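What follows is a short report on a single structure.
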Amino acid sequence: MTEKLKLANKVEAINWNRIQDDKDVEVWNRLVNNFWLPEKVPLSNDIQSWGTLTEDEKLLTMRVFTGLTLLDTLQGTVGAVSLIPDAITPHEEAVYTNIAFMESVHAKSYSSIFSTLASTKEIDEAFRWSTENVNLQKKAQIIESYYYGDDPLKRKIASTLLESFLFYSGFYLPMHWSSHAKLTNTADLIRLIIRDEAVHGYYIGYKFQKGLEGLSEERKQELKDYTFELLFELYENEVQYTHDLYDPVGLAEDVKKFLHYNANKALMNLGYEAMFPSTVTDVSPAILAALSPNADENHDFFSGSGSSYVIGKAVNTEDEDWDF
Amino acid sequence: MPPTALADRQHAEAHEPVVYTDSKLIYFSSISEYTRRFVEKLQMDSARIPLYGYEPKLITTAPYVLLIPTYGGDGGKRSILPQIMKFLGYEENRKNLRGVIGAGNTNFGEYYCIAAKRIAAKCDVPVLYTFELMGTQEDVLKVKEGLETFWKPASQKQQER
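So the protein sequences, as listed, match chains A and B.
Take the first sequence: its letter number 207 is residue 207 in my numbering, and every next letter is one higher.
Take the second sequence: its letter number 105 is residue 429 in my numbering, and every next letter is one higher.
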């Protein structure tokens, strides 16, 4: 299988003074400015909070994080790297190397969480679980098979769905704990990962759409059908994975709403219309507030709900934003 | 800036090509075109803030609502894109601004739609609505209906001013 993964067949010295696509520079700068390491988050402050979780809750948390570790490892070692040979510009190649590295930082972050909170025995057991869980293995295999496949645009679809959809059954849990004032430092770290994944999904989705330009209508339709088929295949598996993990704590239904909500965003990153109606994307407000603290202001002046006349009160306007 | 350079700049600005618009909806969309796609679905008269410096500057002649995206940003810094800042740099455009609609991604946490919020705060107008990425059909409907009602009473109020 490995021999199929090709390298870029022609390398030229990268000239950052001659830019073909402004998005490459914009996203590169964004990623560099977002750079972080797990050491900057005081995870040890969560030790006491960890002690308040039940055994079931601890087990769930360990498993969720090993699941996320597997996905980040896949994206760091295969996914982002597999996009490099198909890059349209040399700067796009450079962005993928940045993405690949950050995915490895993410994967390592979970180990920082583990070593802070759990015993070696618990860690080993969770990793053993990750190699044995059918649904987890299946989602990694589905994505991996496209990374090794021949179609560069399908690789981008698979990659975007991983970045913007598959992580979220896992991301739900730290947001849930955070909304209950538990493991709040761990949640801070996960928020940094969530922010990075948004940029990754946006960029790979954008490059997918660039790749669509100039293709025949037939080929465009094929890729669109393919996107929805793959999403459904992954979705069915995600639902099972979600029940498997979250049924013991009774959270599966709300997690599924979170999946729908993020599946819509993944589709939008690929330039397609959202698929799930708002009746099944109404994630509990506590989770949304944990994800995006100011989104609870719910800016809907039109319907009169939420705080009607909102002036960004918590925000200090900075001079670099305003020089008129 | 030395006085001569300033004079040069003022001279250049005075001779800059201008496009005037009385559209009630002004938007910015980068080359990713997300925001443009949302605006197209509204099926309303609109004008786009120029992407490139060589394009003529856009000056509003009537009250309008601004619709702009936020692309994350490190700690919210430099969240307002230079093109938008340039557009708001013209006094007429600040004077005509009545509200802001933001596009963004909740993945950016507390900085979700921060550009729209900052502009609203700075110009003392409300944030009317926020939505994610290209927006859902529901977002399109809410904004379309919302803007239609927003302008009805508001246009009368403005004449009284």
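Using N, Cα and C, we set each Cβ at its ideal position, and we do this for glycine too.
This structure is a prediction, so every number in the text was calculated from the model and none was measured.
C-beta atoms of residue i and residue j nearer than 8 Å
{"i": "Glu416 of chain B", "j": "Ile383 of chain B", "result": "yes"}
{"i": "Tyr168 of chain A", "j": "Arg155 of chain A", "result": "no"}
{"i": "Ala444 of chain B", "j": "Asn420 of chain B", "result": "no"}
{"i": "Leu173 of chain A", "j": "Ser109 of chain A", "result": "no"}
{"i": "Asp21 of chain A", "j": "Thr97 of chain A", "result": "no"}
{"i": "Ala252 of chain A", "j": "His260 of chain A", "result": "no"}
{"i": "Ser216 of chain A", "j": "Asp254 of chain A", "result": "no"}
{"i": "Gly433 of chain B", "j": "Arg191 of chain A", "result": "yes"}
{"i": "Phe165 of chain A", "j": "Thr66 of chain A", "result": "no"}
{"i": "Ile142 of chain A", "j": "Leu234 of chain A", "result": "yes"}
{"i": "Ile19 of chain A", "j": "Val25 of chain A", "result": "yes"}
{"i": "Leu349 of chain B", "j": "Leu471 of chain B", "result": "yes"}
{"i": "Ser403 of chain B", "j": "Arg372 of chain B", "result": "no"}
{"i": "Leu162 of chain A", "j": "Leu230 of chain A", "result": "no"}
{"i": "Ser356 of chain B", "j": "Val363 of chain B", "result": "no"}
{"i": "Ala140 of chain A", "j": "Leu71 of chain A", "result": "yes"}
{"i": "Thr454 of chain B", "j": "Gly426 of chain B", "result": "yes"}
{"i": "Glu197 of chain A", "j": "Asn431 of chain B", "result": "yes"}
{"i": "Arg30 of chain A", "j": "Val280 of chain A", "result": "no"}
Anticipated Cβ contact below 8 Å, residue i with residue j, distance rounded
{"i": "Val95 of chain A", "j": "Val27 of chain A", "result": "6 Å"}
{"i": "Glu92 of chain A", "j": "Val249 of chain A", "result": "That belief does not hold up - the Cβ atoms of Glu92 of chain A and Val249 of chain A are roughly 42 Å apart, past 8 Å."}
{"i": "Arg462 of chain B", "j": "Ser278 of chain A", "result": "Looking at the sequence itself, residue 462 of chain B is Glu, so the reference to Arg does not match. Contact flag correct, Cβ pair sits at about 5 Å."}
{"i": "Asn269 of chain A", "j": "Tyr202 of chain A", "result": "6 Å"}
Euclidean distance between Cα positions of residue i and residue j
{"i": "Glu456 of chain B", "j": "Gly428 of chain B", "result": "5 Å"}
{"i": "Ser327 of chain A", "j": "Gly211 of chain A", "result": "Any property of residue 327 of chain A remains undetermined from this structure, which presents chain A solely from 1 to 324."}
{"i": "Pro42 of chain A", "j": "Ile99 of chain A", "result": "24 Å"}
{"i": "Val78 of chain A", "j": "Lys265 of chain A", "result": "23 Å"}
{"i": "Arg360 of chain B", "j": "Thr54 of chain A", "result": "49 Å"}
{"i": "Phe474 of chain B", "j": "Leu366 of chain B", "result": "15 Å"}
{"i": "Lys410 of chain B", "j": "Lys220 of chain A", "result": "37 Å"}
{"i": "Glu213 of chain A", "j": "Gln48 of chain A", "result": "53 Å"}
{"i": "Phe35 of chain A", "j": "Phe101 of chain A", "result": "10 Å"}
{"i": "Leu245 of chain A", "j": "His106 of chain A", "result": "21 Å"}
{"i": "Ala439 of chain B", "j": "Val134 of chain A", "result": "43 Å"}
{"i": "Gly51 of chain A", "j": "Met175 of chain A", "result": "18 Å"}
{"i": "Met62 of chain A", "j": "Leu288 of chain A", "result": "22 Å"}
{"i": "Trp16 of chain A", "j": "Ala87 of chain A", "result": "15 Å"}
{"i": "Glu39 of chain A", "j": "Asn185 of chain A", "result": "12 Å"}
{"i": "Lys257 of chain A", "j": "Leu117 of chain A", "result": "29 Å"}
{"i": "Ser450 of chain B", "j": "Phe276 of chain A", "result": "In the sequence as displayed, the identity of residue 450 of chain B is Pro instead of Ser. About 30 Å."}
{"i": "Tyr414 of chain B", "j": "Tyr395 of chain B", "result": "23 Å"}
{"i": "Asn9 of chain A", "j": "Pro152 of chain A", "result": "14 Å"}
{"i": "Tyr206 of chain A", "j": "Ser115 of chain A", "result": "37 Å"}
{"i": "Leu83 of chain A", "j": "Ile204 of chain A", "result": "9 Å"}
{"i": "His180 of chain A", "j": "Pro374 of chain B", "result": "45 Å"}
{"i": "Val467 of chain B", "j": "Pro380 of chain B", "result": "28 Å"}
{"i": "Leu267 of chain A", "j": "Glu222 of chain A", "result": "15 Å"}
Three-state class that DSSP yields for residue i in the structure shown
{"i": "Lys182 of chain A", "result": "coil"}
{"i": "Tyr344 of chain B", "result": "strand"}
{"i": "Leu421 of chain B", "result": "strand"}
{"i": "Tyr351 of chain B", "result": "strand"}
{"i": "Arg372 of chain B", "result": "strand"}
{"i": "Asp448 of chain B", "result": "coil"}
{"i": "Leu251 of chain A", "result": "coil"}
{"i": "Leu162 of chain A", "result": "helix"}
{"i": "Ile47 of chain A", "result": "helix"}
{"i": "Val41 of chain A", "result": "coil"}
{"i": "Ala314 of chain A", "result": "Low per-residue confidence applies at Ala314 of chain A: pLDDT is 43, beneath 50, and the placement is therefore not dependable, though the value from the model is reported in the following sentence. Ala314 of chain A: coil per DSSP, three-state reduction."}
{"i": "Leu405 of chain B", "result": "coil"}
{"i": "Asp21 of chain A", "result": "coil"}
{"i": "Lys138 of chain A", "result": "helix"}
{"i": "Asp300 of chain A", "result": "strand"}
{"i": "Phe35 of chain A", "result": "coil"}
{"i": "Gln209 of chain A", "result": "helix"}
{"i": "Leu215 of chain A", "result": "coil"}
{"i": "Asn133 of chain A", "result": "coil"}
{"i": "Glu284 of chain A", "result": "Looking at the sequence shown, residue 284 of chain A is not Glu but Ser. Three-state result, Ser284 of chain A: coil."}
{"i": "Pro174 of chain A", "result": "helix"}
{"i": "Tyr358 of chain B", "result": "helix"}
{"i": "Lys481 of chain B", "result": "Reliability fails at Lys481 of chain B, whose pLDDT of 49 lies under 50, so the model's placement of it is uncertain and no value is given."}
{"i": "Asn262 of chain A", "result": "helix"}
{"i": "Lys156 of chain A", "result": "helix"}
{"i": "Gln240 of chain A", "result": "helix"}
Residues sharing a beta bridge with residue i, DSSP
{"i": "Phe455 of chain B", "result": "B:Ala427"}
{"i": "Tyr435 of chain B", "result": "Paired residues: none, contrary to the question."}
{"i": "Thr384 of chain B", "result": "B:Thr345"}
{"i": "Val389 of chain B", "result": "B:Leu349, B:Gly423"}
Any non-hydrogen atom of the ligand ZN within 7 Å of residue i CB
{"i": "Thr160 of chain A", "result": "What this structure holds is no ligand at all, so the ligand ZN is not there to describe."}
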